[in-house]
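What follows is one structure encoded as structure tokens, with my remarks underneath.
Residue numbers (full-length UniProt numbering): 1 to 212.
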């Protein structure tokens, strides 16, 4: 039986290219496509795929949130991230939420097909850049610094602002605020807003933010 796969990416050209790659290989059957997280969740319920091939940054729902909800919806589902982002603020949350593999979009066609087959079997597949990043993190774990924008977001959160209020204050969308918070959580090694604020006070990050 072919591997049933759904493709999730907000760029139609990318979806078309991925559909062409997998549809012309007899090992796979593309059973659907989605442009965002909510569509992907509905499609996964409808088609029960063996593998979800997805980008990490899309509208309406972050990639890490989509991975989490897919695994809540079907605990054994395999998710292969295919994206352009290889920094630890993107990689680590995706892996922590249960991504089976993490590849970059410059992965050659043959390697992508081979990796997708492995991911569908539940095997971990990582691009060399991502594997190197994870190895460095294990060998030399360290607390990372926050960007200026992340410091601004965290400073407002510490003063009791909601996501909507932060978005209005900084002239960004609420979705962008949520993305910044996910990156902050990953960098500080915490899981919620309160813990992030506490960690930032302990390390002096919020004090430095207020001085700048």
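Cβ atoms here follow ideal geometry from the backbone N, Cα and C, with glycine treated the same way.
The structure displayed is predicted, hence computed values, not measured ones.
With a contact defined as Cβ atoms closer than 8 angstroms, residue 61 and residue 90 miss out at about 15 angstroms. Listed as beta-bridge partners of residue 53 by DSSP are 7, 80. Taking C-beta atoms as the reference points, residue 100 and residue 122 count as a pair closer than 8 angstroms. Excluding the 5 residues flanking it on each side, residue 110 has no same chain C-beta neighbour closer than 8 angstroms.
The beta-carbon separation of residue 79 and residue 92, rounded to 15 angstroms, does not stay under the 8 angstroms limit for a contact. The three-state reading of DSSP puts residue 18 in helix, counting H, G and I together. When DSSP states are grouped into helix, strand and coil, residue 31 belongs to the strand group.
Per DSSP, residue 146 is not a residue of any beta strand (DSSP E), being assigned neither H nor E.
If you look at residue 101, you'll find it in the beta strand (DSSP E) that goes 101 to 104. When DSSP states are grouped into helix, strand and coil, residue 166 belongs to the helix group.
Sorting 28, 171, 175, 40 by C-alpha distance to the C-alpha of residue 2 places 28 at the top.
The three-state secondary structure of residue 13, taken from DSSP, is helix.
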